[in-house]
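The structure under discussion appears below in the form of structure tokens.
Residue numbers (my numbering): 680 to 1331.
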């Protein structure tokens, strides 16, 4: 409240003064003028209230209390006091001592305004203050009310989202009475320092990424931030300066995303299939440009678009915009696993950023419900079984070969060795390979659905092997889907096993030979004593001449058997032939040396045969089945075993 002098008191006094002046003489004129001046000065003590100053400050910050005064009081002392200013303790600061504790005072004599700054405000600093101007008599006072609020803003916050690389705008409305006031924007939540930290103001609109446009006709100002980064995320305050009170603010919360979107639709498909991606949009965007890109960077999506609503065909991609249902659809044909990943559906808008929705596509390797493995023998027939759904009874059935079904070859149509037979009653068909070849190993697909829908096909992994001979050296080693020739390690192991078998066979033959020789000697002795009309001494004379040739004959026969058996083994494995060639050559020399002795003693053998002719029928009873298989091509060996059995019978 300001107290000023009252002109009313002086005017009444002037009327009486005029009348009084006419009654006085000129001599007393000077005394009356001095009296009049004194009375007018005294009347100035009569005052009246004409106003009140309201000031609001932020807790923890500072506030300025500005008070004006009339012309003529420039040289007078000014001060700020609290409460009733009844004592010196109520005076907080004066212009004669401009800095005191948390108070500062400054007198702008040109503008006739003195300002007191109160810093580090607390709740106790709120209340009534007085701006005072000292003068002769009673001082001039102006009442001030200080209100404190928290240094934060605001109760209502507008949330805005955008993407890295895009631009964003904030629109801040204001009343028409503030058209000419300073506007500004800052980042943060503290209104008290917003102007000092302003990113841009209506007086200084130069900033590389920030711009401010004050639309006074629509009473709003708009701030635009371009080339957004994630560091731009946060709270922003739009401020309007007011001289006598707190500035006006509105708050925005900006969120800058580096990818899109919070909600992602997951879809799956298989290699070779076609898949559609549906992208809904709002009715206001019916005529807007639609597009789809790969990845999750909205800022570059339109530049990298796979297809747009202006160009709806692009190789394997096609776009269809159903404006009635407000959905545009992307169709990708002949899917591959490389098509897996994020896709963005974009709708162009008139704002700083477009509207997006995200889809995560996963393309799986095509496979079937049933998968089997089968092995066949080269040169032999093989049958492959393929079931199919009953509803495919009339469909064309086929079998194709290839690592991937998209590039497999129809074997029934291209190979005469493949024959297909359909059994509609069992809902399956079979494919017979009449003569399996090594090249037939691999992956086969059999089915009845030309569209290759999952569940209608069977995957077959075919392996081939070669027929195993009696030879201990295998010609191939079987593996799934291919054949592998024997290694040197396998060959060495096989040769070692073969030599061990030969050693065992030779040992058995020599034992049999010793047994046969002993039995023959005993049989010859008994024959001589049992033959009627033959002197014992004549039989004794034959023994030294008969036994050696017989033994030589038996040895020769055994050598021939061993030689021929080894000859067949050597023919299958050249390595074994090379190792046993010297032995075979030595055996041939022994045979040549024994020819004369064998034929020279032919009569002795004939005599021996006559003695044993009656036992020929019993010979077959003692033959071993295994030995018969080994020596079936050598009939002379039968005499050896028959003689042995004959002599054993005579011994009994």
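The beta-carbon is built from N, C-alpha and C at its ideal position, and this holds for glycine as well.
Residue i classed as buried or exposed, judged by whether at least 16 other C-beta atoms fall within 10 angstroms
| i | result |
| --- | --- |
| residue 882 | exposed |
| residue 734 | buried |
| residue 763 | exposed |
| residue 1118 | exposed |
| residue 852 | exposed |
| residue 1069 | exposed |
| residue 757 | buried |
| residue 778 | exposed |
| residue 979 | exposed |
| residue 1059 | exposed |
| residue 1086 | exposed |
| residue 854 | exposed |
| residue 1075 | exposed |
| residue 972 | buried |
| residue 814 | exposed |
| residue 864 | buried |
| residue 795 | buried |
Close-in-space but distant-in-sequence residues of the same chain around residue i (CB under 6 Å, 5 per side omitted)
| i | result |
| --- | --- |
| residue 674 | In the structure as shown, the chain begins at 680 and stops at 1331. Residue 674 is therefore absent and cannot be evaluated. |
| residue 925 | 735 |
| residue 787 | none |
| residue 1103 | 1072 |
| residue 790 | none |
| residue 927 | 919 |
| residue 1039 | 943, 945, 1021 |
Residue range of the alpha helix (DSSP H) that includes residue i
| i | result |
| --- | --- |
| residue 1091 | 1090-1093 |
Under the three-state DSSP convention, the category residue i falls into
| i | result |
| --- | --- |
| residue 1228 | helix |
| residue 783 | strand |
| residue 801 | coil |
| residue 872 | helix |
| residue 1056 | strand |
| residue 1000 | strand |
| residue 1122 | strand |
| residue 977 | helix |
| residue 1069 | helix |
| residue 1235 | helix |
| residue 860 | coil |
| residue 1138 | strand |
| residue 1018 | helix |
| residue 1084 | helix |
| residue 1064 | strand |
| residue 964 | helix |
| residue 1117 | helix |
| residue 831 | coil |
| residue 1076 | coil |
| residue 853 | coil |
| residue 952 | coil |
Contacting residues, own chain, Cβ-Cβ under 7 Å from residue i (five flanking each side not counted)
| i | result |
| --- | --- |
| residue 939 | 842, 975, 977, 1023, 1035, 1037 |
| residue 1004 | none |
| residue 1015 | 950, 1042 |
| residue 884 | 890, 891 |
| residue 818 | 811, 812 |
Cutoff 8 Å; reference residue i; Cβ partners in own chain excluding five residues on either side
| i | result |
| --- | --- |
| residue 894 | 900, 901 |
| residue 1265 | With a pLDDT of 47 at residue 1265, under the threshold of 50, the modelled position of this residue cannot be trusted, and the question is left open. |
| residue 1138 | 1046, 1047, 1049, 1050, 1051, 1122, 1123, 1124 |
| residue 1053 | 1061, 1063, 1139, 1140, 1141, 1142 |
| residue 969 | 958, 960, 987, 988, 998, 1000, 1007, 1024, 1025, 1026, 1027 |
Residue range of the beta strand (DSSP E) that includes residue i
| i | result |
| --- | --- |
| residue 810 | 806-812 |
| residue 739 | Segment: none, residue 739 is in no beta strand (DSSP E) and carries neither H nor E. |
| residue 820 | 819-828 |
| residue 789 | Note, residue 789: premise wrong, no beta strand (DSSP E); not H, not E. |
| residue 1039 | 1034-1043 |
| residue 1128 | First-last for residue 1128: undefined, no H or E at that position. |
Suppose only complete runs of 3+ residues qualify. What are the beta strand (DSSP E) ranges in the stretch 748-780, listed by chain order? 757-761, 770-773
Any beta strand (DSSP E) of 3 or more consecutive residues that is wholly inside the stretch 883-943: 889-894, 899-904, 913-919, 927-936
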